[in-house]
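What follows is a single structure, written as structure tokens, with notes after it.
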Amino acid sequence: MLVVVAGMNRSGSTWVYNAARFLMTHWGLRPAYAGWIHDIDLPDKLLLGPALIKVHEYHHDLALRADLVLTSHRDLRDVVASMARKFGVRPDIELATFILDEYLKWAVHAAYDLRYESLLEDAQRELARLASVMRPRGKPLDCRMLERITEELADLPNRPVHPGSSGADTVTLMHPGHVTDGRRGGWRSSIDEATADEIDHRFAVWMSERGYPPLASV
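For the sequence shown, counting from 1, position 69 maps to 60 in the working numbering; every step adds exactly one.
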């Protein structure tokens, strides 16, 4: 079984990755390999058993081989603002365009798509929705299990990070200081209005369909 977590950068994709990791382990499908795609020899690892892979950029062959693709999205203004805060990149329209394009390629294959803002509203409800997609046939949804995993996920940012070559924790894929400003609308303190307005106009349809109001109405 190959599960691919392919959400937008800074959109809750690491939460989805760890939620999937915990669920697979609970159901006796502990991944023989779990981690970044860049850290593995994919063909060799897939021979070992269940695999859980996290990626952002689109890989056509991986998308075709995946048994399950899980994605996540967020207000693009918050995405580029978070990228700038965490990694020091320029929060411009080119970055927003690249991230959205890669996400849209993966979204075609997705069985589950997390709306980041829904995670903020009710994490356990989102976990239950993910579990209903991933649940093996004949396995019940255990409310106590969902509560326990939700608590474990909430505690991940507080745990020590043991970074690997990518700078992220080798197990959780959390970076040091992973959450920079988890609020909806945190972009207001990180990017200028001209950039926000350009994102609004370039991606007006996508933003509107997902409930992200334009700058003029914020």
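Idealized CB from N, CA, C, for every residue including glycine.
According to DSSP, residues forming a beta bridge with residue i
i    : result
K45  : V(-4) and W27
Y107 : Bridge partners of Y107: none, in fact.
L61  : V(-4) and Y103
D160 : P154
Residue nearest to residue i in terms of C-alpha spacing, selected from the options
i    : options              : result
I90  : G202, M198 and G(-2) : G(-2)
Y8   : N149, T161 and I182  : T161
S156 : V(-5), F13 and H29   : H29
W178 : D66, E93 and R21     : D66
D113 : Y94, E138 and V124   : E138
8 Å Cβ cutoff met for residue i and residue j
i    : j     : result
V70  : R126  : no
L110 : G3    : yes
D52  : L(-7) : no
A75  : R68   : no
V60  : H100  : yes
R120 : H64   : no
M136 : H50   : no
L14  : A122  : yes
Continuous alpha helix (DSSP H) stretch holding residue i: start and end
i    : result
V152 : No alpha helix (DSSP H) holds V152; DSSP gives it neither H nor E.
S123 : A114 to M125
Y94  : I84 to A98
M136 : C134 to D146
M165 : Where M165 is concerned, there is no enclosing alpha helix (DSSP H), given that its DSSP letter is neither H nor E.
W197 : A195 to E200
8 Å Cβ cutoff, residue i in contact with chain C
i    : result
E200 : No chain C appears in this structure, which consists of one protein chain only.
Start-to-end residues for the beta strand (DSSP E) that takes in residue i
i   : result
V71 : Taken as a continuous stretch (DSSP letters only), V71 belongs to no beta strand (DSSP E), being part of the alpha helix (DSSP H) at L67 to F78.
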